[in-house]
Each structure stands twice: as C-alpha cells, then as structure tokens.
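Residue numbers (the working numbering): 1008 to 1236.
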C-alpha cells in the first residue's frame, strides 16, 4: 500500500518518505510514513516480495516473474468491470532507457517516450478505465511457449482478438488506429459480435483488401464532415 502511494508522486527518493525533515512544498517527499511503518521494516518486506510462486521453467523466460501478474490483472478486470459501449485499443510505452536491463525493450521513434516496454492496452472510452493489457515480448518470447492464442491467423489478428476477447458477443465497439488496420482482424471481430472503427492510412499502398482509391474517389467532392456508411 505504501508503495502504491509512493507511485502517485514523482521526483522523490524512497528514503525521503521516512525523513525527519518537515514536509516542504519545494523539496523532499510530500508524505511521511514513519507513523505507519518504519523504513527498515519496509525495506525488509520489499526485499522478500515476489510476484510469482512458481518455479522458473527449464528454458530461459525473461517474463516468467510477471506473467501471472498480467494474467491476474486481466482476469480480475473481466470479473469485476463491465465496459461501456465503446472502447479504444492502442499502444502505450513504459519508459526504460537501458536496453540491457529490460526484457522486451523497444525503440519506437514516433512516441513521446520512445524507449522501454510497449504494451497494447484496451481502455473504456467513457469511464477512462484500462481493463486489458498485453506486453509486447518481441524476440524475447521463448519459442518453447509456442504461438499466443489466435495467432494462427496472423500476429495483428491474434493481438486484436486476444485484447478484445472480453467483448465477444456483446455488440460493443472498439476504436483502433491505423496500426491495427488488417481487414481479417475486423471481419473476425464482427463474426465474434464486436464492431470496429478504425483509421485507414495509405503508406506505399492501401492495406490489403481496403479499396482506398474507390473511397477517395467517392468522397472527393463532398464537404468536410460528410459521412457515408
């Protein structure tokens, strides 16, 4: 609990939360925990804190210690949270600068913080609640674990289907950016009772199966804001 409170602030060193110096709005931590728990006891607890009770597998799995944490979070949100009619699927980056101390480390130039772990997150568009996350393991995913669920249809299709699985058969809508624009993913979502709204961008060519040139021709003489269905 104390660690979560500390996580709501930034710029403070851990020992400053147990400082004897009076709280100042210009320096040090904004809270003092001395009346709740001693600093030594806090250090003793976090030195023994583990996120998993399973033994490591025989092969190297860089994400072994956090897999159960991610699974438990997603399962808990399915059990306790009912999303509204619209959600957004997007990418988020957890900042980390040293690639040698961060499994799954990536460099994503277009992001405000381009270094660290990339997560795909599903958030409620009305309440602003993040209720599903999946870390992108990249080349650090062990081959012994096999392909993730739904990935026999392709990586993007599998990703979209896994993230939206809690919405199956609800008739709700998911908004996604152009990075998820794979026609097979959208049609499979619809077959599972989920509707998608997605941005379509042309790079060298239009995404496979998207008649982009026909859409542009059809809309070229219409005023801004015109919609067609």
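Using N, Cα and C, we set each Cβ at its ideal position, and we do this for glycine too. Here the structure is a predicted model, which is why all the values come from computation and not from measurement.
(message) Is it buried or exposed, residue 1195, if we count other Cβ atoms within 10 angstroms and call 16 or more buried?
(response) buried
(request) Determine, using beta-carbon pairs with one atom in the region 1127-1140 and one in the region 1207-1219, whether at least three such pairs fall under 8 Å. (result) no
(message) If distances are taken between C-alpha atoms only, which option among 1075, 1220, 1161, 1066 comes closest to residue 1059?
(response) 1075
(request) Evaluate the contact criterion for the region 1138-1145 versus the region 1104-1117: three or more CB pairs, one atom per stretch, below 8 Å. (result) Because the criterion of three Cβ pairs below 8 Å is met, the region 1138-1145 and the region 1104-1117 touch.
(message) My output table needs one value for residue 1132: the three-state DSSP class, helix, strand or coil.
(response) coil
(message) Suppose only complete runs of 4+ residues qualify. What are the alpha helix (DSSP H) ranges in the region 1184-1223, listed by chain order?
(response) 1190-1198
(message) One question on the structure: do residue 1100 and residue 1115 come within less than 8 Å of each other, judged by their Cβ atoms?
(response) yes
(message) Check whether the region 1064-1084 and the region 1026-1036 touch, using three or more Cβ-Cβ pairs below 8 Å as the test.
(response) The answer is no - the region 1026-1036 does not touch the region 1064-1084, with fewer than three Cβ pairs under 8 Å.
(request) Assign residue 1163 to one of three DSSP states: helix, strand, or coil. (result) helix
(message) Let's see if you can read the secondary structure: which residues bound the alpha helix (DSSP H) around residue 1087?
(response) 1071-1087
(request) Taking the CB atoms as reference points, tell me whether residue 1165 and residue 1157 lie closer together than 8 Å. (result) Yes. Within cutoff.
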